[in-house]
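I have placed the structure first, in the form of structure tokens, so that the comments after it can refer back to it.
Protein chains in written order, with the numbering used here: chain A, 628 to 802; chain B, 13 to 156.
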């Protein structure tokens, strides 16, 4: 994908984030966050991370938005004012983190650089051997489910535990 | 409480789309070996479809294992399927999560292929049931 399109998507991302942050109507903020997730999915797809794009589209744009909408049903649709001092503190922390990240971003390897550290470690072995060892042409699936099966097992346990926690926290009186 | 939507357009559309979305989730799960997708994405699509049905057709339309505490059992069963597949790797002195030694009538490479499918199925069940469980709790506003 061409650079101007990517820059346009990144700009749209900033606009949607600002809308979500400033909207007084939280329904609008939830929908803007859903749009944010969708644009993010487009960006992942544009830089070749199709599996991540797929996940972002179904989770970021889909499931999370529905959860926000359902949460709005149970709470209020308009935000309550944040104390002034907290706002300044939050602004300083957010701006500081953003500036720090921007300052070190020039140290990242160029995108797609085959000689960068992550591309030289275990990735070549996975790319060369995954098909012969697991009969799975999609290397992402082979890595997630087989080579890194331990991680994915514990991620699944985390998801179930999180669901159990939500289930217990959101119970109604008398249950 | 989520009630059945009164709009004919919404209910007919959801009745039409839900089976197709479920079919797509199955495709994403089974075809994850060859194309983007896999257990997690399939689980989210399956869960989102059920949530869509609950929003449009009412919570009762979901049917048996899809609401109440049974969802938690489905989610835990998914994680358990993953864990047991991993433990089966200890067979014949193998390693945890080594699907190559699974007791299957297949070569080690094909056994790994089937092992991946087994654990992806577990992930699908865990993710879908967890999503529906959280939504089920969020959407039910008051006791009747």
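Built from N, CA and C at the ideal position, the CB exists for glycine as well.
Which of helix, strand or coil does DSSP assign to residue i?
| i | result |
| --- | --- |
| residue 110 (chain B) | coil |
| residue 773 (chain A) | helix |
| residue 736 (chain A) | coil |
| residue 798 (chain A) | coil |
| residue 691 (chain A) | helix |
| residue 663 (chain A) | helix |
| residue 70 (chain B) | coil |
| residue 786 (chain A) | helix |
| residue 98 (chain B) | helix |
| residue 51 (chain B) | helix |
| residue 58 (chain B) | helix |
| residue 741 (chain A) | coil |
| residue 674 (chain A) | coil |
| residue 81 (chain B) | coil |
| residue 116 (chain B) | coil |
| residue 764 (chain A) | coil |
Pull the bridge partners of residue i from the DSSP assignment, please.
| i | result |
| --- | --- |
| residue 705 (chain A) | A:652 |
Express the C-alpha separation of residue j and residue i in angstroms, rounding to a whole number.
| i | j | result |
| --- | --- | --- |
| residue 142 (chain B) | residue 86 (chain B) | 9 angstroms |
| residue 228 (chain B) | residue 693 (chain A) | Given that chain B is displayed from residue 13 to residue 156, the structure contains no residue 228 (chain B) and the question cannot be resolved. |
| residue 820 (chain A) | residue 81 (chain B) | Here chain A has residues from 628 to 802 only, and residue 820 (chain A) is not among them. |
| residue 29 (chain B) | residue 22 (chain B) | 10 angstroms |
| residue 768 (chain A) | residue 781 (chain A) | 16 angstroms |
| residue 66 (chain B) | residue 32 (chain B) | 16 angstroms |
| residue 60 (chain B) | residue 144 (chain B) | 8 angstroms |
| residue 109 (chain B) | residue 779 (chain A) | 11 angstroms |
| residue 726 (chain A) | residue 112 (chain B) | 48 angstroms |
| residue 739 (chain A) | residue 799 (chain A) | 50 angstroms |
| residue 718 (chain A) | residue 755 (chain A) | 47 angstroms |
| residue 793 (chain A) | residue 149 (chain B) | 8 angstroms |
| residue 670 (chain A) | residue 678 (chain A) | 12 angstroms |
| residue 791 (chain A) | residue 84 (chain B) | 7 angstroms |
| residue 700 (chain A) | residue 728 (chain A) | 36 angstroms |
| residue 753 (chain A) | residue 744 (chain A) | 15 angstroms |
| residue 639 (chain A) | residue 702 (chain A) | 29 angstroms |
| residue 711 (chain A) | residue 659 (chain A) | 25 angstroms |
| residue 747 (chain A) | residue 674 (chain A) | 19 angstroms |
Hey, quick one: how far does the alpha helix (DSSP H) through residue i stretch, first residue to last?
| i | result |
| --- | --- |
| residue 747 (chain A) | 744 to 747 |
| residue 34 (chain B) | 20 to 42 |
| residue 750 (chain A) | 750 to 761 |
| residue 682 (chain A) | 677 to 682 |
| residue 149 (chain B) | 120 to 151 |
| residue 731 (chain A) | 711 to 731 |
Quick check on this structure: which residue in the options has the alpha carbon closest to the alpha carbon of residue i?
| i | options | result |
| --- | --- | --- |
| residue 100 (chain B) | B:138, B:127, B:20, B:39 | B:127 |
| residue 759 (chain A) | B:124, B:151, B:132, B:136 | B:124 |
| residue 138 (chain B) | B:93, B:48, B:39 | B:93 |
| residue 104 (chain B) | B:118, B:55, B:114, B:95 | B:114 |
| residue 44 (chain B) | A:735, A:763, A:642 | A:763 |
| residue 641 (chain A) | A:662, A:654, A:629 | A:662 |
| residue 676 (chain A) | B:47, B:120, B:97, B:55 | B:47 |
| residue 51 (chain B) | B:151, B:147, B:129 | B:129 |
| residue 27 (chain B) | B:69, B:147, B:107, B:134 | B:69 |
| residue 672 (chain A) | A:785, A:629, A:643 | A:629 |
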